[in-house]
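Encoded as structure tokens, the structure appears first; notes follow it.
There are 2 protein chains.
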Amino acid sequence: MSSANPLFSFENPDDSPGFLLWQATNLWQRELKKALARFDLTHAQFVVLAAAYWLSQQREPVTQVALAAHAHIDKMMASKILRLLEGRGLVTRVSQQHDTRANAVTLTATGTRTVVQAAWAVEEFEAGFFGSVPTLQGQLQILLAAQGG
Amino acid sequence: MSSANPLFSFENPDDSPGFLLWQATNLWQRELKKALARFDLTHAQFVVLAAAYWLSQQREPVTQVALAAHAHIDKMMASKILRLLEGRGLVTRVSQQHDTRANAVTLTATGTRTVVQAAWAVEEFEAGFFGSVPTLQGQLQILLAAQGG
DNA sequence: TGATCTTGGTAAACGTGTTTACTATAATCG
DNA sequence: CGATTATAGTAAACACGTTTACCAAGATCA
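In structure tokens form, the structure reads like this:
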């Protein structure tokens, strides 16, 4: 905050928490992409796969809407990614009898193997990536709670 | 929470800092979008515009590459957005004499007015959005420094 | 029953962000 | 000088994320 430019309190982008949040997420996305490359999965695909895995052990059947809610993504995104994962043989989508609109999502054997191995890689990556900021997770939880996310 | 599922240390997505970072950024993007809607600007467009404004007061001429470096975006993104902003009459892109490859980016009067007003709105938004987590900014700076971002 | 409302899923369009590859110009070095 | 190398900018392709709108099927209620 200075003389040359009276119009921004954050003349330098690095003074804006939003800008930093954006930068950090972009960096995290790029790095995680490398960690998941050998599984041929993107982060979003991994999240959907992990949600399918988790939910399928809790309650059957798993609909796309339930999956989206658990993964905190919108149903449109879930729809796109699940169709893609189905195409790759990682999940199956079978329409239900009692509600023919809904698809029951289940992991194939390949899907299960993939998500388990990928989860390992993600955990290892995160431990390293966030190692320098152990309190970040708590801060983000507070932020999301405060903003109703 | 552990017994049912031995394969994830973060069975619940909310236990993963990366997942939280992603959620927080998505929420921030959605909310900021609303704050910038009346200027017909997205966040990325605002960042580019703000960088053009700031740099044009520091050193002339402002090339697209210099702008991208200052805004920490890649030159491809800068190229796309600047062409779009030029189409809307917010900036001009004039090729240089001493280097005909480079474009000198300058704000139009409308562009200047817009970015100044938008910056105001962004600052106000950020103060509210990040009000609950005053130490987040420092954490993100540490993270970016540690990861060489 | 029929009319209405709600819900599961998708299509299309738009903007963001990355990667690969390319053109054309500038700089450098033999 | 000519050959190489570096740089500014762009095209195209792909994946993410949102919004709007729509269809079809289930639920509800008069």
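So the protein lines, in turn, are chains G and A.
Counting in the working numbering, the first sequence runs from 1 upward without gaps.
Counting in the working numbering, the second sequence runs from 1 upward without gaps.
Glycine included, every Cβ here is placed at the ideal spot set by N, Cα and C.
Bear in mind that the values here come from a model prediction, so they are computed numbers and not experimental data.
Assuming contact is defined by CB atoms lying nearer than 7 Å, are residue i and residue j in contact in what I supplied?
i: residue 64(G); j: residue 103(G); result: yes
i: residue 139(G); j: residue 62(A); result: no
i: residue 143(A); j: residue 121(G); result: no
i: residue 126(G); j: residue 17(A); result: yes
i: residue 90(A); j: residue 111(A); result: yes
i: residue 29(G); j: residue 27(A); result: no
On the premise that residue j lies in contact with residue i, defined as a C-beta separation below 8 Å, what is that separation, rounded to the nearest angstrom?
i: residue 105(A); j: residue 49(A); result: That belief does not hold up - the Cβ atoms of residue 105(A) and residue 49(A) are roughly 10 Å apart, past 8 Å.
i: residue 82(G); j: residue 93(G); result: 6 Å
i: residue 118(G); j: residue 32(G); result: Not quite, the Cβ-Cβ distance comes to about 11 Å (not below 8 Å), so this is no contact.
i: residue 55(G); j: residue 43(G); result: No, residue 55(G) and residue 43(G) are not in contact; Cβ-Cβ is about 18 Å, not under 8 Å.
i: residue 21(G); j: residue 14(G); result: In fact, because the Cβ distance is near 12 Å, the residues do not count as touching under 8 Å.
i: residue 39(G); j: residue 114(G); result: 6 Å
Classify residue i as helix, strand or coil using the three-state DSSP reduction.
i: residue 101(A); result: coil
i: residue 129(A); result: helix
i: residue 56(A); result: helix
i: residue 48(G); result: helix
i: residue 25(G); result: helix
i: residue 137(A); result: helix
i: residue 62(A); result: coil
i: residue 147(G); result: coil
i: residue 14(G); result: helix
i: residue 41(A); result: coil
i: residue 19(G); result: helix
Query raised in the report: What are the uninterrupted segments assigned as alpha helix (DSSP H) that are 4 or more residues long and contained completely in the region 68-113 of chain A, given in chain order?
Result: 75-87
**Report entry** Interface residues of the region 59-85 of chain G facing chain A [CB-CB below 7 Å]
**Finding:** 71 and 72
Requested in this report: Taking a Cβ distance cut-off of 7 Å, strictly less, list which residues of the region 111-142 of chain A are near chain G, in chain order.
Outcome: 116, 119, 123, 126, 129, 130, 132, 133, 135, 136, 137, 139, 140, 141 and 142
Query raised in the report: What residues in the region 36-48 of chain G bring their beta carbon closer than 8 Å to a beta carbon of chain A?
Result: For the region 36-48 of chain G, the beta-carbon criterion of a distance under 8 Å to any beta-carbon of chain A is satisfied by 43 and 47.
Query raised in the report: Using Cβ-Cβ distances below 9 Å, what residues of the region 13-24 of chain A are close to chain G?
Result: 13, 14, 15, 16, 17, 18, 19, 20, 21, 22, 23 and 24
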